[in-house]
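Trainee: Have a look at this one before I ask anything.
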Amino acid sequence: MSSRPRSGDTFIIPVSRCRVPECDGTNASAEIPPWWPKNVDSKCFRPVVDVSSFGTLNNTCSNATFEETLEECHEWIYENHNSIVAALNLGCQSWKSTLVGSVHNAGMIASVMISGWIADK
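For the sequence shown, this note's numbering gives the first residue as 353, with consecutive numbering after it.
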């Protein structure tokens with residue numbers, strides 16, 4: 353289940369997938385492309401491009417372009433760039449994006465308590 357960010361929300365986790373630099377252009381979408389191997393988690397790992405088959409296919413990607421091995425993802429494509437997760441490129445680091453929401457909520461609680469105290473003075 354994916355969480356789609358709403359306008360103004362900066363702590364919602366946006367839809368994202370791992371970038372494959374050899375296959376993704378500058379305007380790549382966060383949707384899983386047709387060449388993406390079926391058994392690969394698109395969020396945290398990326399398929400490794402087989403250089404020999406990539407060259408014989410005129411540098412285009414297909415299901416046959418990839419090796420059986422996977423690499424950890426270090427770069428992501430986000431559906432919405434207006435989020436803290438996209439701004440800090442947190443991609444597969446879910447504990448950090450959860451921490452952002454927790455700190456936001458703790459800040460809201462503290463500000464309500466302080467505002468109430470100031471209002472009573």
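No residue lacks a Cβ here, since even glycine has one placed at the ideal position from N, Cα and C.
Fair warning: this is a prediction, and the values are worked out from it, not measured in the lab.
Who are the Cβ neighbours of Cys-444 in its own chain at under 7 Å, not counting the five residues just before and after it?
Mentor: Start at 1 with the first residue of the sequence shown, and residue 444 comes out as number 92. Counting only Cβ-Cβ distances below 7 Å, and skipping sequence neighbours, we find Lys-395, Cys-396, Cys-425.
Trainee: Since Trp-388 is in the alpha helix (DSSP H), which residue starts that stretch and which ends it?
Mentor: Walking along the sequence shown from the start, residue 388 turns up at place 36. From DSSP, Trp-388 is part of no alpha helix (DSSP H); its letter is neither H nor E.
Trainee: So, for Glu-427: in the same chain, excluding its five sequence neighbours on each side, which residues have a beta-carbon less than 6 Å away from its beta-carbon?
Mentor: Within the sequence shown, the letter at position 75 stands for residue 427. The answer, listed in chain order, is Arg-371.
Trainee: In this structure, what does DSSP give as the bridge partners for Pro-399?
Mentor: Sequence index remark: in the sequence shown, residue 399 carries index 47 (1-based). Answer is Leu-422.
Trainee: The beta strand (DSSP E) spanning Ser-368 covers which residue range?
Mentor: Working through the sequence shown from its first residue, we reach residue 368 at position 16. 368 to 370 is the extent of the beta strand (DSSP E) around Ser-368.
Trainee: Leaving out five residues on either side along the sequence, give the residues of the same chain with a beta carbon under 6 Å from the beta carbon of Leu-442.
Mentor: Sequence index remark: in the sequence shown, residue 442 carries index 90 (1-based). Cβ neighbours of Leu-442 beyond the five flanking positions: Lys-448, Ser-449.
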